[in-house]
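Structure first, then comments.
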Amino acid sequence: MGQKKITKSAWSWAFYDWANSAFATTVMAGFGPLFFKSFWASDLDAVMSTWVWGATNSLVGLVIGILAPILGAYSDIGRNRKRFLYFFAFIGILSTGYLYFIPEGEWFYAMLFYSLAVIGFSGGNIFYDSLLIFVSDSNERNKVSSLGFSLGYLGGGILFVINVFMYLNPSWFGFESEIQAILWSFLTVAFWWALFSLPTLLNVKESGNTDINLNYISMTKKAFLNVKSTILEIRKYRKAAIFLISYFLYIDGVDTIIRMATPYGSDIGLE
0 MGQKKITKSA WSWAFYDWAN SAFATTVMAG FGPLFFKSFW ASDLDAVMST WVWGATNSLV
60 GLVIGILAPI LGAYSDIGRN RKRFLYFFAF IGILSTGYLY FIPEGEWFYA MLFYSLAVIG
120 FSGGNIFYDS LLIFVSDSNE RNKVSSLGFS LGYLGGGILF VINVFMYLNP SWFGFESEIQ
180 AILWSFLTVA FWWALFSLPT LLNVKESGNT DINLNYISMT KKAFLNVKST ILEIRKYRKA
240 AIFLISYFLY IDGVDTIIRM ATPYGSDIGL E
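With numbering that gives the first Met the number 0 applied, the sequence shown closes on residue 270, and no number is skipped along the way.
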């Protein structure tokens with residue numbers, strides 16, 4: 000028996016990874032750290048600017064770590080996944096685009112909108128991941144998930160290469176300077192994220208019951224109860240708990256390298 004064809008809704012779901020991975024490559028790992036040090040934090044010394052960048056990322060990571068279980072519980076209540084995905088994607092896209100307008104030396108506002116963008120990026124991913132069950136059955140889930148993962152690398156990589164060419168050859172694109180090219184790269188990320196999110200938002204449908212009688216206060220209470228129930232339940236599965244804790248520590252290390260390698264390399268003179 001041949002493999003089932005990947006459905007339109009599955010492709011549409013996967014394209015959100017293509018859309019928002021541009022933020023990870025260009026803003027979080029590529030131009031964001033260096034541009035922060037050389038432009039937005041130009042009045043700070045190298046050590047202090049690296050500390051501010053690292054401290055901000057740590058604080059945002061803490062906020063996301065606290066919110067993630069609650070948001071995950073929210074995603075299990077009725078058909079609210081796409082609604083929250085809209086919300087967090089909107090925050091991420093708007094905040095990323097606003098980076099274009101922040102002038103030199105305004106490191107506080109740069110970090111504020113960068114932080115909001117990261118929260119939008121990470122929060123949206125929670126609800127994006129939770130939609131996988133609606134676009135694939137249990138036999139196809141690994142394949143569809145891998146499709147999204149691969150499209151994320153491809154899409155993020157393509158726009159990052161374009162942004163690098165913009166930076167290396169600003170005159171080709173009508174820019175007056177490398178600074179203008181980088182600022183425009185942030186706008187291209189926002190546009191890319193918004194444009195390629197549309198298939199997910201338009202073609203992925205949720206099913207199941209809607210808790211129409213729950214207001215947001217009731218939903219919040221129910222979410223906290225779900226988190227409590229999950230914590231109590233996971234204690235019964237020691238290996239699963241150890242795996243989750245280990246993965247959290249591992250992926251946090253990977254994330255630290257992604258966000259801090261560029262500013263650290265700059266501080267020690269790597270070009």
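We treat Cβ as the ideally placed atom computed from N, Cα and C, and that holds for glycine.
Extent of the continuous alpha helix (DSSP H) run through residue i
i      : result
Glu177 : Glu177 to Asn202
Ile241 : Arg237 to Asp266
Phe159 : Arg140 to Leu167
Trp39  : First-last for Trp39: undefined, no H or E at that position.
Lys7   : Lys7 to Ala21
Ala109 : Trp106 to Ser129
Phe30  : Phe30 to Phe34
Residue i versus residue j: straight-line alpha-carbon distance, rounded
i      : j      : result
Glu175 : Tyr166 : 11 Å
Gly122 : Tyr236 : 27 Å
Leu33  : Glu105 : 15 Å
Gly151 : Lys7   : 17 Å
Ala28  : Lys36  : 13 Å
Pro169 : Val253 : 32 Å
Ala23  : Ser228 : 33 Å
Ser265 : Thr49  : 10 Å
Ser74  : Lys204 : 14 Å
Val188 : Ala40  : 22 Å
Leu4   : Ser129 : According to the sequence provided, residue 4 is Lys. The question's Leu does not apply to it. If I take the Cα positions, the gap works out to 21 Å.
Arg140 : Gln179 : 42 Å
Leu58  : Ile257 : 16 Å
Met0   : Leu194 : Caution is warranted here: a pLDDT of 44 is assigned to Met0, below 50, making its placement in the model unreliable, and no coordinate value can be reported.
Ile65  : Asn138 : 32 Å
Tyr99  : Ala21  : 16 Å
Gly60  : Phe223 : 20 Å
Lys142 : Asp136 : 10 Å
Gly155 : Ile161 : 10 Å
Leu70  : Leu158 : 29 Å
Met272 : Thr55  : Residue 272 is absent from the structure shown; the chain starts at 0 and stops at 270.
Leu243 : Leu131 : 20 Å
Leu231 : Leu248 : 21 Å
Trp52  : Phe107 : 10 Å
Tyr263 : Lys220 : 42 Å
Where residue i sits in the DSSP three-state scheme
i      : result
Gly173 : coil
Ser228 : helix
Met0   : Only weak support exists for where Met0 lies, its pLDDT of 44 falling under 50; the coordinates are left without a value.
Ile132 : helix
Ile233 : helix
beta-carbon residue i near the ligand MN non-hydrogen atom, thresh 7 Å
i      : result
Pro262 : Absence of the ligand MN is noted for the structure shown, with no ligands found whatsoever.
- Message: Check whether the segment 110 to 119 and the segment 140 to 153 are in contact - that is, three or more C-beta pairs closer than 8 Å.
- Response: For the pair of segments examined, the segment 110 to 119 was found not to touch the segment 140 to 153: the number of CB pairs separated by less than 8 Å stays below three.
- Can you list, in chain order, the stretches of the alpha helix (DSSP H) that have 4 or more residues and sit fully within the segment 44 to 99? Taken in chain order, the unbroken stretches of alpha helix (DSSP H) that lie wholly in the segment 44 to 99 and span 4 residues or more are 45 to 74 and 80 to 97.
- Query: Touch check for the segment 4 to 15 and the segment 61 to 81: three-plus C-beta pairs under 8 Å?
  - Reply: no
- Item | the segment 82 to 98 / the segment 42 to 60 touching (three or more Cβ pairs under 8 Å) | Output reads no: the segment 42 to 60 does not touch the segment 82 to 98.
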